[in-house]
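This report refers to the structure that appears directly beneath it.
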Amino acid sequence: MLTHLFRLIWNKKKQNFLLILEIFIAFIGLCAGFTFILYPYNNYKLPLGFEPQNVWVVNFDRPDEIKNLDSLQIFNESIKSVLFSLNGVEDVTYSSINFPLSGNGFNTAVRINGQESWAYFYSAEDNYIKVLGMKMQEGRWFSSDDKVANVRPAVINQTLKKKLFGSGDALGKIVEADAVGDKMKIVGVVADTKDESEMEVPGPGIFMRRDTIDLRHDYSILVKVKPGADPALESRMYKTLSNSMKNAEIEIEHLTDMKDAANKKMQVPFIIFIIIAGFLIINVGLGIFGVLWYNINKRKGEIGLRRAVGATGNAISKQLVGEALVLCTLSLILGLFFAVQFPLLSALQLPPENYVQAIILSVVFIYVLVLLCALYPGKEAARIYPAIALHED
Numbered sequence: 497m498l499t500h501l502f503r504l505i506w507n508k509k510k511q512n513f514l515l516i517l518e519i520f521i522a523f524i525g526l527c528a529g530f531t532f533i534l535y536p537y538n539n540y541k542l543p544l545g546f547e548p549q550n551v552w553v554v555n556f557d558r559p560d561e562i563k564n565l566d567s568l569q570i571f572n573e574s575i576k577s578v579l580f581s582l583n584g585v586e587d588v589t590y591s592s593i594n595f596p597l598s599g600n601g602f603n604t605a606v607r608i609n610g611q612e613s614w615a616y617f618y619s620a621e622d623n624y625i626k627v628l629g630m631k632m633q634e635g636r637w638f639s640s641d642d643k644v645a646n647v648r649p650a651v652i653n654q655t656l657k658k659k660l661f662g663s664g665d666a667l668g669k670i671v672e673a674d675a676v677g678d679k680m681k682i683v684g685v686v687a688d689t690k691d692e693s694e695m696e697v698p699g700p701g702i703f704m705r706r707d708t709i710d711l712r713h714d715y716s717i718l719v720k721v722k723p724g725a726d727p728a729l730e731s732r733m734y735k736t737l738s739n740s741m742k743n744a745e746i747e748i749e750h751l752t753d754m755k756d757a758a759n760k761k762m763q764v765p766f767i768i769f770i771i772i773a774g775f776l777i778i779n780v781g782l783g784i785f786g787v788l789w790y791n792i793n794k795r796k797g798e799i800g801l802r803r804a805v806g807a808t809g810n811a812i813s814k815q816l817v818g819e820a821l822v823l824c825t826l827s828l829i830l831g832l833f834f835a836v837q838f839p840l841l842s843a844l845q846l847p848p849e850n851y852v853q854a855i856i857l858s859v860v861f862i863y864v865l866v867l868l869c870a871l872y873p874g875k876e877a878a879r880i881y882p883a884i885a886l887h888e889d
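Those letters in the sequence shown? Residues 497 to 889, per my numbering, in order.
Here it is, written out as structure tokens:
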């Protein structure tokens, strides 16, 4: 049967070329579409790496009249005390302005033994990990004992560890970061955190313990509040801070709202791509259906002759559907040859499993689409009577 189908297809190779080309282009387009759709979806399934619930972010302008570092330190401690005095506040920590989901980025080069990698650079206090609910994978986080350390401590995330050390040990190693301008000793490895949105892959990161000298740079306050904190607490917090910082612009945001805003921003191109892919699928389906319908109308004489010599309507229908699936297979073999080049060459710098998933989904989708488009024309062909077909011919 299969040999017979190949012979029929070869005898009508010029007529079938258009269908093969259309399925081939559709397959390549679907592969590209599924690749870019699956990438953010697979990232979305990865852990966020921290707990944004019940964390508020306070941004404010530092007083211009305070220039001395000691005075800045006293001012910061007073703001902390004011926040802790509010009923409903569990913990408070200062952070560099590029905390997760902030939309701010600060990169640095990190080097060790001739190896170099870029990384997000963070400045954090001892209770930063507690406020954000981050998890240590190896070693420890910063503590007050690090004030007298001979070498400045650093904590890296899992991604940076993999880039610099592979499966080796990172604890105790000395690295250099351009942002610090000095050597740093790795004391811990923390779980990866997503910095931009839930649809982005975590990037390499290195954390430095916040020091007095860092007071000269912009910073934010992360406030851990008790579950169920209401707008009344936010209002009291704003008024209290306004009284402590005259003429300062104060902004209070919820980290969960920042997460939702970041996700919506990433969803826009994602939704646009899905709409484009939907139109492509509809057009391809209509095109395949039209070509198959046209082929049947052109082959009424052949179909009538087969019916006249004893072929059943069911056999005619199966033959036409089989031809469509064989043509689909030939198109997919050609398409797979080109599709597998992308993961082999790492053309788009995406994970290999992303390409594999996209190719498998595209193959299944094309087969289902061709089958559905061939069923109705095949069913109509089965209804052609020999006398009518031969008379029209």
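Beta carbons: idealized from backbone N, C-alpha and C, even for Gly.
| query | result |
| --- | --- |
| May I have the straight-line CA-CA distance separating S716 from N653, to the nearest angstrom? | 21 Å |
| Indicate the three-state DSSP secondary structure (helix, strand or coil) for S640 in the structure shown. | helix |
| How close, in whole Å, do the beta carbons of I625 and V676 come, if the pair is a contact with beta carbons under 8 Å? | Their Cβ separation, rounded to whole angstroms, is 20 Å, which puts I625 and V676 out of contact at 8 Å. |
| Where does T808 fall in DSSP's three states? | coil |
| Could you have a look at I593 and say whether DSSP puts it in helix, strand or coil? | coil |
| On the criterion of 16 or more Cβ atoms from any shown chain inside 10 Å, does L526 qualify as buried, or is it exposed? | buried |
| If we ignore side chains and look at the alpha-carbon of each, how far apart do A811 and G781 end up? | 24 Å |
| Here's the rule: buried if 16 or more other CB atoms are within 10 angstroms of the residue's CB, otherwise exposed. What is K742? | exposed |
| From the DSSP output, read off the bridge partner residues of D678. | A673 |
| Decide if S858 is buried, meaning its Cβ has at least 16 other Cβ atoms within 10 Å, or exposed. | buried |
| With the cut-off set at 9 Å, would you say E749 and W552 are in Cβ contact? | yes |
| Which same chain residues, not among the five before or five after F595, have their C-beta less than 8 Å away from its C-beta? | V553, Y618, L628, S716, L718 |
| For E672, which of G662, V644, F703 has the nearest alpha-carbon? | F703 |
| Taking only runs that begin and end inside the stretch 688 to 763, name each unbroken alpha helix (DSSP H) of 4 or more residues, in chain order. | 727 to 740 |
| Can you tell me whether P847 is helix, strand or coil according to DSSP? | coil |
| Do three or more CB pairs link the stretch 866 to 878 to the stretch 813 to 829 at distances below 8 Å? | yes |
| Could you check the C-alpha separation between P536 and M762 for me, to the nearest Å? | 9 Å |
| Mapping the DSSP letters down to three states, classify N512 as helix, strand or coil. | helix |
| Looking at K679 and R706, is the spacing between their C-beta atoms short of 9 Å? | no |
| Using CA coordinates, which residue listed in A522, E518, L517 is at the minimum distance from F861? | A522 |
| Got a sec? Which residues, its chain only, sit under 7 Å from P723 by beta carbon, not counting five neighbours each side? | N550 |
| Helix, strand or coil: which one does DSSP assign to F602? | coil |
| Considering N555, what are the terminal residues of the alpha helix (DSSP H) in which it resides? | N555 -> not in any alpha helix (DSSP H); beta strand (DSSP E) instead, spanning 551 to 556. |
| When you compare only the Cα positions, how much space is there between I855 and T689? | 29 Å |
| Using CA coordinates, which residue listed in S577, V585, A615 is at the minimum distance from Y725? | Per the sequence presented here, residue 725 reads as Ala, with Tyr not at that position. For the residues S577, V585, A615, the minimum Cα distance to A725 belongs to V585. |
| If you draw a straight line from the alpha carbon of L821 to that of N793, how long is it in whole angstroms? | 19 Å |
| For E849 versus N538, is the C-beta spacing smaller than 9 Å? | yes |
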